[in-house]
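Peer 1:
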């Protein structure tokens with residue numbers, strides 16, 4: 001340690017970085033974390049996962065009360081109004097509590113916060129706010145940022161054409177919101193503003209929403225969201241945008257070619273994906289190059305080709321998900337400490353926090369067939385689930401995909417109000433190599449939504465009880 005200030009410096013305090021720093025400190029490594037934001041938690045806690053979930057929850061409560069849907073349960077309400085400022089205030093409160101909580105955890109675990117953006121000076125040193133710090137190991141956990149769209153300039157301050165950060169802070173409900181991109185973030189934030197009264201049009205380059213998810217789930221989601229009021233322009237690309245008198249005019253045309261037309265909107269959300277944050281790190285000073293997608297390649301231990309430099313999360317290949325980054329951060333810290341840290345990238349759940357929620361883990365049916373598996377697939381609708389039926393919330397289904405020869409579960413996909421919570425059971429079962437029979441013969445509490453997973457597993461062998 002005589003030659004080093006730290007055993008480990010983590011660059012970035014998002015879900016991957018701050019978790020890695022805490023785990024490293026728990027394992028006895030002298031650890032620091034460099035972060036340029038004024039608060040810890042990265043994109044996820046500050047302008048991503050957490051504030052979006054706060055608005056999703058608030059807007060869902062508003063819609064439920066405002067629509068009169070509670071009357072059938074015997075709840076008679078007077079006039080229901082919207083206080084958007086208060087809604088934003090509650091969102092900010094949640095963010096402040098959670099980011100402050102990380103600062104507390106850093107102090108508790110004796111992790112030093114190096115305030116400022118870090119750039120490499122060598123393979124064992126970084127400069128932060130004009131000062132050089134040395135470490136045996138340096139971990140890159142700088143996350144990702146919004147992918148720009150050519151011809152559509154984002155101006156979050158202007159509030160007309162915004163990215164996900166700007167869409168979390170719109171000062172008023174737009175009459176017409178156009179969401180460019182039919183992926184997870186666009187549909188979640190589109191749901192927020194639709195519930196609060198906006199007309200929402202989703203413009204997607206591909207011919208379906210939610211690329212990468214199971215085909216049946218994508219189609220079911222499309223039908224449900226259309227019934228809720230979403231409008232779609234699928235197979236359509238946006239080629240340009242202008243702003244005049246506080247409104248945007250988008251130029252669009254068929255993705256496969258054709259005549260151009262225009263769409264007017266009060267607000268436009270650009271949500272076409274995210275790209276790794278690797279610029280400004282000084283990677284050239286340590287001889288580290290990114291791949292064609294701008295990502296940093298690592299081995300299975302999360303070490304880069306520079307032995308003292310590690311990388312995790314959105315800057316390396318794989319899904320850009322907070323929980324994937326967290327698990328990689330823990331594993332990488334354990335490897336640095338001489339332990340064995342492993343992440344099973346075959347079992348990383350994904351969730352869309354719309355209503356109903358959408359969740360999946362493992363292979364889609366299309367992927368499993370493409371990999372050469374003979375399949376048995378079991379499905380069970382929430383319409384036949386007693387708890388969902390009692391709650392009058394029956395949209396969706398659970399789908400279990402199993403290998404026909406071994407019965408091993410290859411993937412589980414679901415769309416339903418509690419899908420994001422229910423998927424954890426499927427992920428844990430798959431982590432232990434479960435068969436559909438293992439899930440089917442596990443006793444599930446009644447009445448719960450989780451019984452739909454049990455019945456879907458039973459349906460793999462054609463023997464569900466309640467349908």
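In the working numbering, the protein residues as written are 1 to 467. Glycine residues also receive a C-beta, built at the ideal position from the N, C-alpha and C atoms. What you are looking at is a predicted structure, and each value in this text was computed from that prediction instead of being measured.
Looking only at its chain, what residues have a beta carbon closer than 7 Å to the beta carbon of residue 53, apart from the 5 residues adjacent to it on each side?
Peer 2: 353
Peer 1: My output table needs one value for residue 127: the three-state DSSP class, helix, strand or coil.
Peer 2: strand
Peer 1: Any idea if residue 43 is buried or exposed, counting beta-carbon neighbours within 10 angstroms, 16 or more meaning buried?
Peer 2: buried
Peer 1: When DSSP labels each residue in this structure, what does residue 218 get in the three-state scheme?
Peer 2: helix
Peer 1: Can you pull the DSSP bridge partners for residue 62?
Peer 2: According to DSSP, residue 62 bridges with nothing at all.
Peer 1: Find out if the Cβ-Cβ distance for the pair residue 164, residue 275 is shorter than 7 Å.
Peer 2: When the beta-carbon positions are compared, residue 164 and residue 275 stay at least 7 Å from each other.
Peer 1: Per DSSP, which residues does residue 11 bridge with? Please list them.
Peer 2: 34 and 140
Peer 1: For the putative contact between residue 62 and residue 195, defined by C-beta atoms under 8 Å, what is the C-beta separation to the nearest angstrom?
Peer 2: Contact between residue 62 and residue 195 holds, since their C-beta atoms are separated by about 6 Å, short of 8 Å.
Peer 1: Between which two residues does the beta strand (DSSP E) carrying residue 397 extend?
Peer 2: Its beta strand (DSSP E) spans residues 397 to 403.
Peer 1: With C-beta atoms as the reference, is residue 377 less than 7 Å away from residue 452?
Peer 2: no
Peer 1: When you compare each of 409, 455, 457 and 447 to residue 434 by their alpha carbons, which one comes out closest?
Peer 2: 409
Peer 1: Closest by CA to residue 66, which one among 82, 56, 171 and 138?
Peer 2: 82
Peer 1: Between residue 112 and residue 45, what straight-line distance do the alpha-carbon atoms span, to the nearest angstrom?
Peer 2: 20 Å
Peer 1: What residue does the beta strand (DSSP E) around residue 176 start on, and which one ends it?
Peer 2: 176 to 180
Peer 1: Taking Cβ positions, are residue 59 and residue 146 nearer each other than 7 Å?
Peer 2: no
Peer 1: Could you tell me whether the stretch 248 to 266 touches the stretch 89 to 102, where touching means 3 or more Cβ pairs closer than 8 Å?
Peer 2: Look at the beta carbons and you see the stretch 248 to 266 not touching the stretch 89 to 102: under three pairs across the two are nearer than 8 Å.
Peer 1: Let me check understanding here. Comparing Cα to Cα, which of 291, 218 and 115 lies closest to residue 183?
Peer 2: 218
Peer 1: Hey, which unbroken runs of the alpha helix (DSSP H) at 4 residues or more fall wholly within the stretch 83 to 112?
Peer 2: With a minimum length of 4 residues, the continuous alpha helix (DSSP H) runs that stay inside the stretch 83 to 112 are 84 to 108.
Peer 1: Within 10 angstroms of the Cβ of residue 383, are there 16 or more other Cβ atoms? Answer buried if so, exposed if not.
Peer 2: exposed
Peer 1: Pairs of beta-carbons, one from the stretch 120 to 133 and one from the stretch 285 to 301, closer than 8 Å: are there three or more?
Peer 2: yes
Peer 1: Answer yes or no: does any C-beta atom of chain D fall closer than 7 Å to that of residue 119?
Peer 2: No chain D is part of this structure, which consists of one protein chain only.
Peer 1: Taking residue 230 as the reference, which of 345, 40 and 204 has the closest Cα?
Peer 2: 204
Peer 1: Hey, out of 359, 416 and 466, whose CA is closest to residue 426's CA?
Peer 2: Of 359, 416 and 466, the residue nearest in Cα terms is 359.
Peer 1: Taking only the alpha-carbon atoms, compute the straight-line gap between residue 210 and residue 255 and give it to the nearest angstrom.
Peer 2: 17 Å
Peer 1: Quick check on DSSP: helix, strand or coil for residue 261?
Peer 2: strand
Peer 1: In this structure, does DSSP put residue 237 in helix, strand or coil?
Peer 2: strand
Peer 1: List the DSSP bridge partners of residue 231.
Peer 2: 201
Peer 1: May I ask you to report which of helix, strand or coil DSSP gives residue 253?
Peer 2: strand
Peer 1: Do you know offhand how far residue 127's Cα is from residue 114's?
Peer 2: Residue 127 and residue 114: Cα-Cα distance of roughly 10 Å.
Peer 1: Pull up the distance between the alpha-carbon of residue 386 and that of residue 393, whole angstroms please.
Peer 2: Between residue 386 and residue 393, the C-alpha separation is close to 10 Å.
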